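Enquirer: Dropping the structure in here first, questions after.
Number of protein chains: 2
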Amino acid sequence: MTAKTPWKRDCIDCPLLHCEGLRPLDKAQLKFMQGFKQGEFQIEKGTQSLVQGSISPHVYTLLEGVLFRYRILEDGRRQIVNFVFPGDLIGLQGALDDPLLHGCEALTPATLCVFSRDRMVELFAEQPKLGYDLTWLAAKEEAALEEHLVAIGRRTAKERVVYLALFLAERAAATGLDKKGAFAISITQSQISDTLGLSLVHTDRTLQALRKLKLVNWTLNSISIPDIGAAHEFSHYEGSGSGVRPYI
Amino acid sequence: MTAKTPWKRDCIDCPLLHCEGLRPLDKAQLKFMQGFKQGEFQIEKGTQSLVQGSISPHVYTLLEGVLFRYRILEDGRRQIVNFVFPGDLIGLQGALDDPLLHGCEALTPATLCVFSRDRMVELFAEQPKLGYDLTWLAAKEEAALEEHLVAIGRRTAKERVVYLALFLAERAAATGLDKKGAFAISITQSQISDTLGLSLVHTDRTLQALRKLKLVNWTLNSISIPDIGAAHEFSHYEGSGSGVRPYI
DNA sequence: CGAGCTTTTGACGGTAGTCAACTGCGGTGG
DNA sequence: CCACCGCAGTTGACTACCGTCAAAAGCTCG
């Protein structure tokens, strides 16, 4: 949308190539992806990039920024399902021709790389390794959702918040954001509550309690975890512990 | 384990070929899978087929029966993550060499088809379509987990139970179990509560309430939903609506 | 018939939800 | 410049949904 950025940047200039948490593509793969890529587009903070219920012929890879995926019930209840970091795929969830089951909103300005859904089969045929990676990513996403399920289903409010802080810290660190237990990310309490299945008010009180306990210091602009070990122990969360991820 | 069944049945005799909800493999695929298959094994109701934390070199397809996947926290809290029906894959969740993140228990006597994890790459290389299907399955599983997340995070106890009943009914119908809003499946209240993030006692009370409301009749041996439309409306769940699934 | 599991019931307490109002902050515009 | 607005966070009072503890009732099976 903005004229400042090229409509289609070469894959050789892909920002993900230099992302430490990601395994870079090799020459052949880059070449293939170059032809596979349809373009990119940028969105601003707060905008809805995908809308629940619409039918999209595209799949996206997030190049820069952070998003979150959510679902909304007719009566307005919202559940944030997961957060999206650079290198993550969007739009693969659910089958091909069905309407999208979730919406997607930007937490920061973000840029997405666009692929055609129809041509996915080509990718599997011509670049089996990339197909494999795709499955790997889907499996990993699944594992993350399982972890969320455990958190929401079986953890107390305080544990949930600490868990979420750790989860985000882990992903943020892997994609280049700050590392040492504190990082800048802008999430409102309302978004936290919709992630963790809590009410807004109770989320606020829980955040306050955790500040007093010196476990997590969560403000609108940043999250800091003074003692990561203590946080893990408190939340009964061990961390996903996986190293490098593939992408695209 | 049991001597009665052949260690390795031919793929041409695969029971999944006749399952109405599944798209059968073609000749070439069957032939390939025949070589890919390592064997099969049976487990009895109530046995743990996979154990959380162990490292398994295998991936499985469920041929017959119903299982559920769960995670356990050190202090004993359990969260059932999803149910497994014939044609579903097990063991793909999470990356390759990591220890298993979840356990798996049989709800009925069941038989599993065994594949080697290491040879997965071959599958993608030689049968891209199957690789594609694998991703499709993973994406579908992901969509199911999202739905669970919404249920646990944003629905009331009654809505959750009705949702789960509908979800199971849908999957059961697609794999040949009874269809008309009532089917035989044996799930304890304790398992229901661990699926929905409720306590055992409260689950029981909720079930009773739903019986009185004539929304769901859930006993140890069967689930019946007198008025499916009413149930959908009550639970704000629309159903996944997807038709045939691929498998293997 | 007793063991063991699942379900059911009662009583009680607490965590978390709802309602409503107020504060603080940044931006806009008169 | 300051009033006004909108958004995010905070607080208080009250409620209720749901969890915990404990015990009893049904069932199945050896």
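First to last, the sequence lines map onto chains H and E. Per our numbering, the first sequence starts with residue -6, numbered consecutively. Per our numbering, the second sequence starts with residue -6, numbered consecutively. We treat Cβ as the ideally placed atom computed from N, Cα and C, and that holds for glycine. Quantities reported herein were computed from a predicted structural model and do not represent experimental measurements.
Using a Cβ-Cβ cutoff of 7 Å, what residues of the stretch 138 to 158 of chain H are near chain E? List them in chain order.
Expert: Against chain E - using a Cβ distance shorter than 7 Å - the residues of the stretch 138 to 158 of chain H are LEU138, GLU139, HIS141, LEU142, VAL143, ILE145, GLY146 and ARG147.
Enquirer: Is there contact here, the stretch 111 to 118 of chain E with the stretch 147 to 165 of chain H, by at least three beta-carbon pairs under 8 Å?
Expert: The stretch 111 to 118 of chain E vs the stretch 147 to 165 of chain H: no contact.
Enquirer: In terms of residue numbering, what span does the beta strand (DSSP E) encompassing TYR63 of chain H cover?
Expert: Here the beta strand (DSSP E) through TYR63 of chain H covers 60 to 65.
Enquirer: From the DSSP output, which residues share a beta bridge with THR196 of chain E?
Expert: According to DSSP, THR196 of chain E bridges with nothing at all.
Enquirer: When we look at the beta-carbon of LEU213 of chain E and count the other beta-carbons within 10 Å, is it buried (16 or more) or exposed?
Expert: Classification for LEU213 of chain E: exposed.
Enquirer: At what residues does the alpha helix (DSSP H) containing GLN31 of chain H begin and finish?
Expert: Taken as a continuous stretch (DSSP letters only), GLN31 of chain H belongs to no alpha helix (DSSP H), being part of the beta strand (DSSP E) at 30 to 36.
Enquirer: With HIS51 of chain E as the anchor, note down where its beta strand (DSSP E) starts and where it stops.
Expert: Counting along the chain, the beta strand (DSSP E) containing HIS51 of chain E begins and ends at 51 to 57.
Enquirer: Output the boundary residues of the alpha helix (DSSP H) element that contains GLU119 of chain E.
Expert: Here the alpha helix (DSSP H) through GLU119 of chain E covers 113 to 119.
Enquirer: Pop quiz: PRO92 of chain H and ILE48 of chain H are said to be a contact at Cβ under 8 Å. What is the actual Cβ separation, rounded to whole angstroms?
Expert: Right, the Cβ-Cβ distance comes to about 5 Å (below 8 Å), so this counts as a contact.
Enquirer: For a cutoff of 8 Å on Cβ pairs, would you count ASP91 of chain E as touching chain H?
Expert: At least one chain H Cβ lies under 8 Å of ASP91 of chain E.
Enquirer: Just by C-beta distance, which residues in the stretch 41 to 67 of chain E are closer than 7 Å to chain H?
Expert: Under the 7 Å Cβ criterion, the stretch 41 to 67 of chain E contributes ARG64, LEU66 and GLU67.
Enquirer: Could you check if HIS237 of chain E is buried or exposed, using at least 16 other CB atoms within 10 Å of its CB as the buried criterion?
Expert: A quick correction: the sequence has Val, not His, at residue 237 of chain E. Exposed, since its Cβ has fewer than 16 Cβ neighbours within 10 Å.
Enquirer: Give the interface partners of GLY190 of chain H over in chain E, defined as CB-CB distance under 8 Å, in chain order.
Expert: Those are ILE145, GLY146 and ARG147, listed as they occur along chain E.
Enquirer: Compute the Euclidean distance between the alpha carbons of GLN31 of chain H and ILE83 of chain H, then round it to the nearest angstrom.
Expert: Near 15 Å, if we compare the C-alpha coordinates of ILE83 of chain H and GLN31 of chain H.
Enquirer: By Cβ distance, which residues of its chain are closer than 7 Å to LEU10 of chain H, with the 5 residues on each side in sequence left out?
Expert: Same-chain partners within the cutoff: PRO17.
Enquirer: Contact criterion: CB-CB distance below 8 Å. Does HIS225 of chain E meet it with respect to chain H?
Expert: Taking Cβ atoms only, chain H never reaches closer than 8 Å to HIS225 of chain E, which makes this a no.
Enquirer: Would you kindly work out how many angstroms separate the C-alpha atoms of VAL44 of chain E and ALA131 of chain E, rounded to a whole number?
Expert: One C-alpha to the other measures close to 21 Å.
Enquirer: Let me confirm a value: ALA118 of chain E is counted as buried when at least 16 other C-beta atoms fall within 10 Å, else exposed. Which label applies?
Expert: It is exposed - the Cβ of ALA118 of chain E has fewer than 16 other Cβ atoms within 10 Å.
Enquirer: Please classify GLU203 of chain E: is it buried, with 16 or more other beta-carbons within 10 angstroms of its beta-carbon, or exposed?
Expert: With the sequence shown as reference, residue 203 of chain E is identified as Leu, and Glu is not the correct amino acid for it. Per the 10 Å Cβ criterion, buried.
Enquirer: Using beta-carbon positions only, say whether LEU94 of chain H and GLU139 of chain E come within less than 8 Å of one another.
Expert: It is a contact, given that the beta carbons lie within the stated cut-off.
Enquirer: Using a Cβ-Cβ distance under 8 Å, would ARG110 of chain H count as near chain E?
Expert: It does not: the Cβ of ARG110 of chain H has no partner Cβ on chain E nearer than 8 Å.
Enquirer: How about CYS103 of chain H and LEU55 of chain H: do their beta carbons lie closer than 8 Å?
Expert: A quick correction: the sequence has Ala, not Cys, at residue 103 of chain H. Yes, these two residues count as a Cβ contact at 8 Å.
Enquirer: Quick one: what's ARG238 of chain E bridged to in DSSP?
Expert: DSSP output for ARG238 of chain E lists E:LEU15 as bridge partner(s).
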